[in-house]
Amino acid sequence: EREIVLTRVIDAPRERVFAAWTDPRQLSAWFSPEGFSSETHEIDIRPGGRWRFSYVAPDGRRYENRVVFQRIEAPRLIAFEHGADIEDDPARFQVTVTFDAQGNGKTVLTLRQLHPTAELRDTKIGFGAVEIGMTTLDKLERLLRGG
């Protein structure tokens, strides 16, 4: 009741998909909802490292974010906390991303968000978290296709 799960089969090898999550230039290029951009302020992709960034909306409005990386196991798993760029954000949530290689050169990406409460999860779903998350994964796929 506290979890949101997104899954996508991506037509790229697991190592390339994983690299798009762990290379600062690639991550900043795609990690935002459709129509938004991502502006990195600080990035240190390692366990204990953090990424501070802004989602920039088409109208210029900014949404400040902070990710703190907890586990990175190349090329199969990344785990982090994601929330607003404030200390002790009560709405921050846990994210686990797994990368499963398929025999056909594709990758099954599974993204699990674990929210602090069922109410916060329901609020995120009502806001469109699933649909927004899928547009973000669309941008990842476009990057991996070279477009």
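At the far end of the sequence shown sits residue 585, using my numbering, and the numbering has no gaps. Glycine is no exception: its CB is placed at the ideal position from the N, C-alpha and C atoms.
Residues that residue i bridges to, as DSSP identifies them
i    : result
S492 : E477 and E502
F531 : H520
D538 : V546
Q464 : For Q464, which the question treats as bridged, DSSP gives no partner whatsoever.
L552 : E441 and Q532
Beta-carbon gap between residue i and residue j smaller than 7 Å
i    : j    : result
S470 : T478 : no
I448 : L547 : yes
P513 : E453 : yes
Residue i burial status per 10 Å Cβ neighbour count (16 or more: buried)
i    : result
N503 : buried
V455 : buried
R484 : exposed
Rounded distance between the beta-carbons of residue j and residue i, thought under 8 Å
i    : j    : result
A458 : T545 : So it is not a contact: roughly 10 Å between Cβ atoms.
D589 : R488 : Past the boundaries of the shown model lies residue 589; the chain is included only from 439 to 585, so the question cannot be answered.
Q508 : E519 : 7 Å
D576 : E441 : Actually they are not in contact, since the Cβ atoms of D576 and E441 sit about 22 Å apart, beyond 8 Å.
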